[in-house]
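Only one structure is covered here, and it is reproduced in the block below.
Residue numbers (the numbering used here): 136 to 239.
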């Protein structure tokens, strides 16, 4: 099981999103993608929008991963529209267990 783990440095700026995109696009032969947003501290709404736009623009690259996990602080509640393929977690341990198992 190969996991591409990317941790975003907080506060999250445009440069962190550019680095994230580069790592995803150049990553090869990984089964799973784990993105840790740390405190989920984006410097502005523009950066959040930019993050979403860049993730959508990388759909082809993201489809190469079997599963994608996003780590966020406990106080944030997110729901996945496709929980079999990508999901939200509050810890890396929980996400890695999900990679190994078929349930969250």
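C-beta atoms are modelled at their ideal positions from N, C-alpha and C, and glycine is treated no differently.
- Query: Considering residue 185, what are the terminal residues of the alpha helix (DSSP H) in which it resides?
  - Reply: Start at 1 with the first residue of the chain shown, and residue 185 comes out as number 50. Residues 180 to 192.
- Query: Got a sec: does the ligand NAD put a non-hydrogen atom nearer than 6 Å to the Cβ of residue 171?
  - Reply: This structure simply doesn't include the ligand NAD, nor any ligand for that matter.
- Alpha carbon to alpha carbon, how far is residue 141 from residue 235? Give it in angstroms, no decimals. Indexing the chain shown from 1 puts residue 235 at position 100. Indexing the chain shown from 1 puts residue 141 at position 6. If you draw a straight line from the Cα of residue 235 to the Cα of residue 141, it is about 19 Å long.
- Task: Answer yes if the segment 180 to 190 comes into contact with the segment 206 to 216, meaning at least three C-beta pairs across the two stretches below 8 Å, and no otherwise.
- Result: Judged by Cβ distances under 8 Å, the segment 206 to 216 makes no contact with the segment 180 to 190, as fewer than three pairs qualify.
- Hey, quick one: how far does the beta strand (DSSP E) through residue 202 stretch, first residue to last? Stepping through the chain shown from its first residue, residue 202 is reached at position 67. That run of the beta strand (DSSP E) goes 202 to 206.
- Item | Completely contained beta strand (DSSP E) runs for the segment 137 to 181, where each covers 3 or more residues | Taking only runs of at least 3 residues, the beta strand (DSSP E) segments lying wholly in the segment 137 to 181 are 138 to 142, 167 to 171.
- Task: Note down the Cα distance separating residue 167 from residue 199, rounded to an integer number of angstroms.
- Result: Here the question's residue 167 lines up with position 32 in the chain shown. Here the question's residue 199 lines up with position 64 in the chain shown. Each residue's Cα considered, the two are about 9 Å apart.
- Spell out the partners DSSP gives residue 223 in its beta bridges. By 1-based counting over the chain shown, the position of residue 223 is 88. According to DSSP, residue 223 bridges with 205.
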